[in-house]
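Visitor:
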Amino acid sequence: VKDLRPGDRVLAADDEGRLLYSDFLAFLDRDAGAKKVFYVIETREPRERLLLTAAHLLFVAPHNDSAAGPPPGGAPGRRALFASRVRPGQRVYVVAERDGDRRLLPAAVHSVTLREESAGAYAPLTAQGTILINRVLASCYAVIEEHGWAHRAFAPFRLAHALLAALAPARTDRGGDGDGGGGGRAPPPSPARPRRPARA
C-alpha cells in the first residue's frame, strides 16, 4: 500500500458489492515512521488477516447470527464499523473464488487481537471509497463511523480528480480509464492486474 501513486488502480467494490478496479487518488493519512496499535482481524475460512487502526472502518455483514448468511458482496445491508468494534463471530467480506468467478463473500471473524507495529500507517483513498487489503473489503475512511457520509464529504475531491483526468488523457497510458471514476469492472475469472502492482 505504501508504494501506491495517483493513477494506480486497486481492487475495490461498488455499492452493490461487485468487484472492480478503482483509481487510487491520494493518502488520507501517510506516516511511514508511525508506531501505532493495530487491531488484527482474522478470518479462518478463508484464512485472511487485516490490520487496522481503531477508528478505521471495516464492512460487516448484516444478520451475523443467520445460518444462511448475508447476500454475496454485502448488498443490501452491509454496514461499516470502527475496527475497534468488530468482534469474533461477525462477518466481514473477503474475495473468494466461486464457480470460476471472483466475488465478495462473507467470512466469520475468528479472532480480534491488538498489536503494536512500527511499520508505518497508511490510509489510501480510492474513487470508490473502498479497497481490498489482503483480500478483505475495507472502507477508505476513518474517524466518522458512517461510510456514506464520509464518501459524500470527499465528492468535491473526486470531482476535481475526474476533471484533471479529463484534461490529461495521457493518464490512461498508466492504466486509468480516463474518466477518473475508477469504474472498470474486474473481468471474471481472473481480472487483469494493474501495470504497477499494488498490494491491495
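If you count the sequence shown from 1, position 81 lands on 81 in the UniProt record's numbering, and the numbers rise without skipping.
Glycine included, each C-beta is placed from N, C-alpha and C at the ideal position.
Note that the coordinates shown come from a computational prediction; the quantities given were computed from them, not determined experimentally.
Under three-state DSSP, which class holds LYS2?
Guide: As a first step, residue 2 is located in the sequence shown; it is residue number 2 there, counting from the start. In this structure, LYS2 counts as coil in the three-state DSSP scheme.
Visitor: If you scan the region 34-59 from start to end, which runs of the beta strand (DSSP E) of 3 or more residues do you find wholly inside it?
Guide: Complete beta strand (DSSP E) runs here, min 3: 36-43 and 48-52.
Visitor: Do LYS35 and THR53 come within 8 Å of each other at the CB atom, strictly closer than that value?
Guide: Here residue 53 refers to the residue found at position 53 of the sequence shown. Here residue 35 refers to the residue found at position 35 of the sequence shown. No; because the gap between Cβ atoms is not below 8 Å, this pair is not in contact.
Visitor: Going by alpha carbons, who is nearest to SER111 out of LEU51, ALA138 and ARG98?
Guide: Residue 111 sits at position 111 when you count from the first residue of the sequence shown. Among LEU51, ALA138 and ARG98, the Cα nearest to that of SER111 is on LEU51.
Visitor: Taking all protein chains shown into account, decide if PRO46 is buried (16 or more other Cβ within 10 angstroms of its Cβ) or exposed.
Guide: Taking the sequence shown and counting its residues from 1, the one referred to as residue 46 is at position 46. Its Cβ having fewer than 16 others within 10 Å, PRO46 is exposed.
Visitor: Would you mind reading off the limits of the beta strand (DSSP E) that contains PRO124?
Guide: Position 124 of the sequence shown, counting from 1, holds the residue named residue 124. Per DSSP, PRO124 belongs to the beta strand (DSSP E) from 121-126.
Visitor: Quick one: Cα of ARG87 to Cα of GLY7, how far?
Guide: Reading the sequence shown from its first residue, position 87 is the one you call residue 87. Reading the sequence shown from its first residue, position 7 is the one you call residue 7. Cα-Cα distance, rounded: 35 Å.
Visitor: In angstroms with no decimal places, state the Cα-to-Cα distance between VAL136 and ILE144.
Guide: Walking along the sequence shown from the start, residue 136 turns up at place 136. Walking along the sequence shown from the start, residue 144 turns up at place 144. In a straight line, the C-alpha of VAL136 is about 20 Å away from that of ILE144.
Visitor: Could you have a look at PRO106 and say whether DSSP puts it in helix, strand or coil?
Guide: Within the sequence shown, the letter at position 106 stands for residue 106. In the structure shown, PRO106 sits in a strand (DSSP, three-state: E or B).
Visitor: Is ALA13 helix, strand or coil when you go by DSSP?
Guide: Stepping through the sequence shown from its first residue, residue 13 is reached at position 13. DSSP places ALA13 in strand when its eight states are reduced to three.
Visitor: Rounded to whole angstroms, what's the CA-CA distance from GLY129 to ALA165? Just pull it up for me.
Guide: Looking up residue 129 in the sequence shown gives position 129. Looking up residue 165 in the sequence shown gives position 165. Rounded to whole angstroms, GLY129 to ALA165 spans 18 Å at the Cα level.
Visitor: Less than 8 Å between the CB atoms is what I'm expecting for VAL92 and ALA80, so what's the real figure, rounded?
Guide: Along the sequence shown, one-based indexing puts residue 92 at 92. Along the sequence shown, one-based indexing puts residue 80 at 80. The Cβ separation is near 11 Å, so there is no contact.
Visitor: Would you mind reading off the limits of the alpha helix (DSSP H) that contains ARG91?
Guide: Walking along the sequence shown from the start, residue 91 turns up at place 91. ARG91 -> not in any alpha helix (DSSP H); beta strand (DSSP E) instead, spanning 91-98.
Visitor: Taking the beta strand (DSSP E) that ARG78 falls in, what are its first and last residues?
Guide: Locating residue 78 in the sequence shown gives position 78, where the first residue counts as 1. It is not in any beta strand (DSSP E) - ARG78 carries neither H nor E in the DSSP assignment.
Visitor: With DSSP collapsed to three states, give me the class of PHE157.
Guide: Here the question's residue 157 lines up with position 157 in the sequence shown. PHE157: helix per DSSP, three-state reduction.
Visitor: So, is ALA119 buried or exposed, given that buried needs 16 or more other C-beta atoms within 10 angstroms?
Guide: Locating residue 119 in the sequence shown gives position 119, where the first residue counts as 1. Label assigned to ALA119: exposed.
Visitor: Quick one: grab the DSSP three-state call for ALA68.
Guide: Within the sequence shown, residue 68 is the residue found at index 68, counting from 1. Only weak support is given to the placement of ALA68: the predicted model assigns it a pLDDT of 43, under 50, and the value that follows is read from those uncertain coordinates. Coil, per DSSP.
Visitor: Write down the C-beta distance between residue 225 and LEU25 rounded to the nearest angstrom, noting that I regard them as a contact closer than 8 Å.
Guide: Because the chain is modelled from 1 through 200, residue 225 falls outside the range shown and cannot be assessed.
Visitor: Is ARG85 helix, strand or coil when you go by DSSP?
Guide: Within the sequence shown, the letter at position 85 stands for residue 85. ARG85 falls in the helix class under three-state DSSP.
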